[in-house]
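Everything below concerns the one structure shown next.
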Amino acid sequence: MNGKKTSNGNFIESYWPDYHTTAKPGFKAIAELKVANFKTGTSGACEFGYGIAAGPVGLSITWSGVTASFSGGGNTRGGGGYVTPSLLH
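For the sequence shown, counting from 1, position 31 maps to 31 in this note's numbering; every step adds exactly one.
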């Protein structure tokens, strides 16, 4: 998340997804980020979901809105969040 401080308060300007998918041979690592809602400005917000997993080669992530579900076993984690300008430092 990128923003700036103005006389009216914090201002959301942009976001950028950043994830890595490196695994040992015979394994798979996957990571995805889905942004469901993004608005710039002092009343802006960013709603997002994420899924990360590592395990067998057949591992996969599917999405429903910002909720991730996994197939193929492995170690998985999903979640999400909601960022407002007041959370920016």
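All residues carry an ideal CB built from backbone N, CA and C; glycine is no exception.
- Beta-bridge partners assigned by DSSP to Y50: L33 and G79.
- Cβ contact annotation for P17 (same chain, cutoff 7 Å, sequence separation greater than five): L33, in chain order.
- G44 is classed as buried because its beta carbon has at least 16 other beta carbons within 10 Å across all chains shown.
- Taking 9 Å as the cut-off, the Cβ atoms of T62 and N10 do not count as close.
- Around the CB of P85, 16 or more other CB atoms lie within 10 Å, so the residue is classed as buried.
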